[in-house]
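In the numbering used here, the protein residues as written are 113 to 256.
Notes follow once the structure below has been shown.
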């Protein structure tokens with residue numbers, strides 16, 4: 113906002129603050145992992161920071177730029193098995209095909225939706241990939 117030459121409206125300021133609050137919530141609940149931590153989680157040395165970048169370039173994981181670094185929400189990983197949640201690649205592909213950014217996909221995964229009976233978040237259903245993909249398809253492909 114500081115770089116904006118115009119006066120920032122209260123609505124824009126509220127929107128930006130809500131987005132910042134969501135990222136902080138994601139960081140608290142799931143972690144926003146550095147590339148070194150992603151490498152370690154996937155069984156490589158923490159110094160292998162290119163592993164996360166390669167996985168992101170291959171559209172297997174999504175990242176968000178925060179304070180000049182790409183960070184990766186921890187919910188994309190099966191920590192017990194040291195693997196990437198398989199549905200992530202399909203979600204990234206679907207989002208990109210519909211003009212959604214990685215950041216918007218990552219935020220959407222943590223927002224409540226009526227696509228599930230409990231009206232909870234897609235991230236709460238990652239173990240049900242078909243249900244999450246169906247919800248994503250309905251959301252991403254909706255036209256107004």
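The beta carbon of each residue, even a glycine, is placed where N, CA and C say it ideally should be.
Going by the CB atoms, is the gap between residue j and residue i shorter than 8 Å?
i, j, result
"residue 171", "residue 151", "no"
"residue 234", "residue 248", "yes"
"residue 244", "residue 215", "no"
"residue 153", "residue 193", "no"
"residue 166", "residue 196", "no"
"residue 156", "residue 145", "no"
"residue 143", "residue 161", "no"
Helix, strand or coil: how does DSSP classify residue i here?
i, result
"residue 181", "strand"
"residue 152", "helix"
"residue 123", "helix"
"residue 254", "coil"
"residue 232", "coil"
"residue 226", "coil"
Going by DSSP, what residues sit across from residue i in a beta bridge?
i, result
"residue 176", "183"
"residue 196", "189"
"residue 145", "184"
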